[in-house]
Amino acid sequence: MTAVPALAVEDLSVEFRTRSGIVKVLDHVGFSVDKGETVALVGESGSGKSVTAFAVMGILDPAGKVTSGRALFGGADLLALSERDLAEQRGRELSMIFQNPRTALNPIRKVGQQIADVLVRHGGATRSDAPRAAVEMLKRVRIPDPERRVEAYPFELSGGMCQRIMIAIALACRPALLIADEPTTGLDVTTQAVIMDLIGELAHESGMATIFITHDLALAAEYCDRIVVMHAGHVVEAAPARELFAHPRHPYSAKLLAATPGETVSLAELASIPGGLPDLRRPDLPACRYSGRCERRIDDCTKPLPHRVVDERHVVSCWNPL
Amino acid sequence: MTALLDIAELAKRFDVGNKRLLHAVDEVTFTIGRGETVGLVGESGCGKSTLVRLINRLLDPTSGSIRLAGTELADMRARAFAGNPNRARIQMVFQDAGDSLNPRYTAADAIADPIRRLKKMSGAALKSRVEALADMTGLPRELLTRFPHQLSGGQKARVGIARAIAVEPELLILDEPTAALDVSVQVVILKLLQQLKHELGMSYLFVSHDLNVVRLLCDRVLVMYLGKIVESGPAAELFADPKHPYTRALISAIPQADPDKRVGRLRLGGEPRSPIDPDPTVCRFYGRCPRGEPRCSAEMPVLRTVAPARQAACHFA
Ligand SMILES: Nc1ncnc2c1ncn2[C@@H]1O[C@H](COP(=O)(O)OP(=O)(O)OP(=O)(O)O)[C@@H](O)[C@H]1O
Ligand SMILES: Nc1ncnc2c1ncn2[C@@H]1O[C@H](COP(=O)(O)OP(=O)(O)OP(=O)(O)O)[C@@H](O)[C@H]1O
Ligand code: SF4
Ligand code: SF4
Ligand SMILES: [Mg+2]
Ligand SMILES: [Mg+2]
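These protein sequence lines map, in sequence, to chains A and B. All the letters of the first sequence, read from the start, carry residue numbers -12 to 309 under the working numbering. All the letters of the second sequence, read from the start, carry residue numbers 10 to 326 under the working numbering.
Printed below as a string of structure tokens:
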């Protein structure tokens, strides 16, 4: 592992304009990913995981605005790059797998051609080699009968197959940084294992750094090196995967774990996290955005959040951690 | 208990050109009782969504029968079914929550739409019904005025669920409803489904890749592999003692946070067989099956009873 991370997100804040006011979706988000490392981004729905990914990729919705921060990647700040330079890096160095695979594929182009297009565009293969390379990619993501299935249109494939096509496209050019937004939600666990192993191989062989957005904490613990927990646009805890599972420090991380169905014997044993995310349009958002739901709240909690270092690789933003 | 849904030898074959047929759903037979929750699991691409789209009559079957409380639905064309009174009795939550929502409808409109069409409700009554549904599914009311592109993936999934339960169907088909949900909302939704089952006697066909969730929610489980049901049985027994080699591989691949629990993992090697014109005399799992014997490539195993209430399609189960 190198000293300089592949990607360092610092102080990232993003707002959205909506009809009913400004929504402060990300607030001073920071984390880093080393070369060859896979970092999971977890947290409730709406906590800002996808928006973080979009901001780094430079593809925020037009209503969104980056109000502070940097995303350092290979010496450059991605947030400061021109649209053209960024487009250049996207696809070659940076690759993203979107949360909604079917809409990200071109519906009227055969999937084999779509993979070939990407390979040719980014110099991964010549026009004449590309069709064979596309078959090879389908094989790697375990699509049966790849020679024939390259001829399929997206609507002829299952949801999980489209997801695997997107993964194949994203990995085709061996990116230096992969952002995968819930890439395996539509996959059964045996196919998921194949994909996770594939990502692991690329990380190992070519030092690909991966941001892996997921709701599945057991998956994150098994396949990711570190876990970054987000809540309402804040990073609340970051730790090595196993450590976070064994000893969560932020009250929210602990609640997330308690809501995960693992060995539990009945639904009654699982507890949802009481309350919801605060309304992010509020002008008077509390310093700790979890405080409205927290059982461990103390007087200090109204002060700006601390950045507590449990150990070198484990940090938590909380005044009264577990 | 008479079956609410009775599926017999249902098949869907897609024409993929050059006279070749893709066997997406192959002679599938099963029932769902009133108030029963049946889980449907299996490999990506094995035919789960095709099967549920046949049942929900969005696709026309190639052959076979689909009976809802005794009424045959298979002969009715998919298009004609939209105006049929049975329409309100089966509702579905789609796999891609985002795609299935109309981009020009706000969350409130999307939820109100089936109530307006199928229950002829309007005005203040409709509005309060929509709000009640939002509360039930844990969707903050302030999000009701938003359009799909302004909602996160999990928020859209909740709109899809609220919409489907709005007309209180007898059979609710859920195609990976919790895939986009975080664990906390998932708990809310799962408990809601269980509550609706007790209160309204709703039946569910629950398609999911999350085996831990299936184990907790479902009474019975169907395991599919390449168009065929390869195993079925009561959830607890099936998970504790899987009979089919594919089911065994599936259960052993459930992600484990605890490294000690990962020992003895089965990783499937080999190439999956093609669903296009599959050989009728070869077991669909042959080639990847850790057992695979000569008989497996000479004779297709049929789904047979291997223990009380348990069926498996393997020569050696
Ligand atoms: N274009 C937009 N306009 C207004 N709000 C938006 C917009 N896009 C996203 N948001 C809001 O930003 C917040 C974060 O959304 P994001 O998609 O990042 O969530 P997420 O963590 O990826 O959730 P999920 O797990 O459900 O995908 C949500 O509350 C969402 O409603
Ligand atoms: N319209 C179509 N034309 C041709 N083939 C199709 C069509 N729709 C589905 N298929 C094929 O039928 C098979 C079953 O697909 P289906 O979507 O039912 O799978 P699934 O079990 O739901 O998978 P997933 O878990 O990935 O969603 C796949 O091989 C798919 O490519
Ligand atoms: S800072 Fe205080 S309110 Fe916030 S999570 Fe920690 S203990 Fe709870
Ligand atoms: S019939 Fe043979 S190939 Fe098929 S599942 Fe059984 S042992 Fe495996
Ligand atoms: Mg998201
Ligand atoms: Mg499907």
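Positions of the beta carbon are idealized from the N, C-alpha and C atoms, including for glycine. These figures come from a predicted structure and were not determined experimentally.
Practice task
Find out if the Cβ-Cβ distance for the pair residue 167 (chain B), residue 198 (chain B) is shorter than 9 angstroms.
Solution key: yes
query: Any heavy atom of ligand 6 closer than 8 angstroms to the Cβ of residue 216 (chain B)?
result: Checking the Cβ of residue 216 (chain B) against ligand 6 gives yes.
Query raised in the report: Apart from the five residues just before and just after residue 40 (chain B), which ones in its own chain have a Cβ nearer than 6 angstroms to its Cβ?
Result: 12, 15
- Compute the distance between the beta-carbons of residue 142 (chain B) and residue 96 (chain B), then report whether it is under 9 angstroms. The answer is no: Cβ separation not under 9 angstroms.
Check distances from the C-beta atoms of the segment 239 to 262 of chain B to those of chain A and list, in chain order, the residues that come in under 8 angstroms.
258, 259, 262
ask   = If you measure from the beta carbon of residue 236 (chain B) to each beta carbon in chain A, is any gap under 9 angstroms?
value = no
Q.
Is it the case that the segment -7 to 0 of chain A contacts the segment 47 to 59 of chain A, given that we only count it when at least three CB pairs across the two stretches are under 8 angstroms?
A. yes
Residue 99 (chain A) CB to nearest chain B CB: under 9 angstroms?
no
Reducing DSSP to helix, strand and coil, say where residue -12 (chain A) ends up. A caution first: residue -12 (chain A) carries a pLDDT of 45, below 50, which makes its placement in the model too unreliable to give a value.
Buried or exposed (CB count within 10 angstroms, at least 16 for buried), residue 100 (chain B): So residue 100 (chain B) counts as buried.
Whose C-beta lies closer than 8 angstroms to the C-beta of residue 37 (chain A) among residues of the same chain, with five residues either side of it excluded? 86, 168, 200
To the nearest angstrom, how far is the alpha carbon of residue -12 (chain A) from that of residue 180 (chain B)?
Legend: pLDDT at residue -12 (chain A) = 45, less than 50; position of this residue unreliable, value from coordinates given subsequently. Cα to Cα, residue -12 (chain A) sits roughly 53 angstroms from residue 180 (chain B).
Query raised in the report: Nearest to residue 302 (chain A) by CA position, among A:221, A:258, A:287, is which residue?
Result: A:221
For a quick check, are the C-beta atoms of residue 304 (chain A) and residue 215 (chain A) less than 9 angstroms apart?
no
Could one say the Cβ of residue 100 (chain B) lies closer than 9 angstroms to chain A's Cβ atoms, at least one of them? no
> In its own chain, which residues sit with a C-beta less than 6 angstroms from the C-beta of residue 220 (chain B), not counting the 5 before and 5 after it?
Replying inline: 263
- Just by C-beta distance, which residues in the segment 171 to 192 of chain B are closer than 7 angstroms to chain A? 185, 188, 189, 190, 191, 192
Residue nearest to residue 209 (chain A) in terms of C-alpha spacing, selected from A:233, A:189, A:193, A:195:
A:233
| field | Secondary structure, beta strand (DSSP E): runs of 3+ residues fully inside the segment 169 to 223 of chain B | value | 180 to 184, 212 to 216
*Just the chain A side, please: which residues come within less than 8 angstroms of residue 194 (chain B) by C-beta, in chain order?*
31, 32, 259
Near ligand 5: residue 86 (chain A) beta-carbon under 8 angstroms from a heavy atom: yes
Practice prompt. Would you check if the distance between the CB atom of residue 256 (chain B) and the CB atom of residue 240 (chain B) is smaller than 9 angstroms?
Written response: yes
Practice prompt. State yes or no: is the beta carbon of residue 307 (chain A) nearer than 9 angstroms to at least one beta carbon in chain B?
Written response: no
(message) Checking the sheet assignment: what are the DSSP bridge partners for residue 213 (chain A)?
(response) Answer by DSSP bridge pairing, in chain order: A:26, A:227.
| What does DSSP give as the partner residues of residue 0 (chain A) in its beta bridges? | Residue 0 (chain A) is bridged to A:55.
State yes or no: is the C-beta of residue 60 (chain B) within less than 9 angstroms of the C-beta of residue 233 (chain B)?
yes
*Using 10 angstroms around the beta-carbon of residue 28 (chain B), count the other beta-carbons present and answer buried if the total reaches 16, otherwise exposed.*
exposed
Would you mind telling me which residues of chain B sit closer than 8 angstroms to residue 176 (chain A), beta carbon to beta carbon, in chain order?
218, 220, 259, 262, 263, 264
Original post:
What residue does the beta strand (DSSP E) around residue 81 (chain A) start on, and which one ends it?
Top reply: 81 to 84
Practice prompt. Specify, as a first and last residue, the run of the beta strand (DSSP E) that residue 71 (chain A) falls within.
Written response: Run containing residue 71 (chain A): none in the beta strand (DSSP E); it sits in the alpha helix (DSSP H), 70 to 76.
query = Is the number of C-beta pairs between the segment 143 to 162 of chain A and the segment 105 to 114 of chain A that are closer than 8 angstroms three or more?
reply = yes
Margin query: So, at 6 angstroms on beta carbons, what are the nonlocal neighbours of residue 295 (chain B) in its own chain, with the 5 sequence-adjacent residues on each side left out?
Written below: 301, 305, 306
request  = Check whether the Cβ atoms of residue 195 (chain A) and residue 155 (chain A) sit closer than 9 angstroms, and answer yes or no.
outcome  = no
| said: Is the separation between the beta-carbon of residue 122 (chain A) and that of residue 147 (chain A) shorter than 9 angstroms? | reply: Not closer than 9 angstroms, so no.
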